[in-house]
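Written below as structure tokens is the structure these notes are about.
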Amino acid sequence: MKEISLNLLDIAQNSVSAGATLIELTVRESQAEDIVLMSVADNGKGMSPEFLARVTDPFTTTRTTRPVGMGLPLLKMEAEMTGGGLEIKSELGRGTTVTATFRRSHIDTPPLGDLKGTVVTLVQGSPDIDFVYRRETDLGQFVLSTREMREQLGGVPLDEPEVLAWIGEYIEENEQSLQGE
Ligand SMILES: Nc1ncnc2c1ncn2[C@@H]1O[C@H](COP(=O)(O)OP(=O)(O)O)[C@@H](O)[C@H]1O
Ligand SMILES: [Mg+2]
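Just add 502 to the spot in the sequence shown (first one is 1) and you have my numbering.
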């Protein structure tokens with residue numbers, strides 16, 4: 503995929519399908535370390551060791567609508583192409599963590615894309631799931647936690663347009679300060 507944000511959306515959708523109630527998204531970018539890292543950690547149904555061993559093989563999937571799953575195999579290929587890689591940790595009944603690293607200076611490392619759009623789309627699509635979005639650069643970091651927001655909102659659903667707009671603005675403002683603007 504041509505943007506990190508689209509990969510993040512795709513991998514997080516696996517967590518939604520796996521029945522997660524908490525999904526933690528991390529996007530870290532460091533010029534000093536020459537790395538772009540995206541990770542998705544969930545508390546969904548997890549994968550057995552046997553399944554996990556085959557999951558980056560495009561001929562493995564539990565999907566019935568399409569014969570092959572391409573999300574993880576493609577991400578692995580794209581990350582490795584830049585000198586990075588894909589790591590998946592999973593435990594049946596506990597959850598899964600998928601971490602992709604890219605070498606930042608590599609020509610084939612995709613741009614970050616619309617991270618704000620990805621987070622807002624996920625919250626809008628699954629307002630009952632708790633999302634924690636962590637964004638880090640060499641200049642600092644910020645965190646958005648819908649679990650904390652929920653306490654402040656006292657019953658107002660996260661997919662209310664005003665709430666989604668607030669999430670978008672929060673991410674945009676914090677992103678700007680990470681870019682030194
Ligand atoms: N976070 C996850 N938790 C549990 N199972 C997962 C997770 N991510 C992927 N899987 C399993 O791995 C399979 C392959 O995932 P993927 O490569 O994204 O292809 P697809 O989503 O098209 O099936 C999924 O169908 C699912 O069975
Ligand atoms: Mg998928």
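Where a beta carbon is used, it is the ideal one built from N, C-alpha and C, also for glycine.
### Task
With DSSP collapsed to three states, give me the class of S607.
In the structure shown, S607 sits in coil (DSSP, three-state: anything other than H, G, I, E or B).
### Query
Count the other CB atoms within 10 Å of the CB of T523; is the residue buried (16 or more) or exposed (fewer)?
Around the CB of T523, fewer than 16 other CB atoms lie within 10 Å, so the residue is classed as exposed.
### Message
I need the DSSP call for S592, collapsed to helix, strand or coil.
### Response
Under the three-state reduction of DSSP output, S592 falls in the strand class.
### Query
Grouping DSSP H, G and I as helix and E and B as strand, with all else coil, what is G546?
Of the three classes helix, strand and coil, the one that applies to G546 here is coil, per DSSP.
### Chain-order list of residues whose beta-carbon lies under 7 Å from that of E674 (same chain, five-residue window excluded)
Spatial neighbours of E674 in its own chain (CB-CB distance under 7 Å, excluding positions within 5 residues in sequence) are listed in chain order as K618.
### Message
Just to confirm the assignment, what range does the beta strand (DSSP E) spanning L646 have?
### Response
Secondary structure note for L646: its beta strand (DSSP E) is the uninterrupted segment 642-647.
### Message
Is the beta carbon of I513 closer than 7 Å to that of L614?
### Response
In this structure, L614 lies away from I513, with their beta-carbon atoms at least 7 Å apart.
### Query
Buried or exposed: A602, going by 16 or more other Cβ atoms within 10 Å of its Cβ?
A602 comes out buried.
### Message
Using only Cβ atoms and a threshold of 5 Å, which residues come within that distance of a heavy atom of ligand 2? Order them by chain position.
### Response
Result (chain order): N516, G573.
### Cβ-Cβ distance between V625 and G670 below 7 Å
Contact: no.
### Query
Looking at the structure shown, is G587 part of a helix, part of a strand, or coil, going by DSSP?
Three-state DSSP puts G587 in a strand.
### Query
Roughly how many whole angstroms lie between the Cα atoms of G546 and L527?
Rounded to whole angstroms, G546 to L527 spans 14 Å at the Cα level.
### Query
For L576 versus L588, is the C-beta distance shorter than 7 Å?
L588 sits away from L576, with the two beta carbons spaced by 7 Å or more.
### Task
In the DSSP assignment, find the beta strand (DSSP E) that holds S628 and state where it starts and stops.
No beta strand (DSSP E) contains S628, which DSSP labels as neither H nor E.
### Message
Rounding to the nearest angstrom, what Cα-Cα distance links R568 and L641 in this structure?
### Response
Bear in mind that a pLDDT of 46 at R568, under 50, signals an unreliable position, so the number given afterwards is only what the model happens to contain. Looking at the two C-alpha atoms, the distance is approximately 42 Å.
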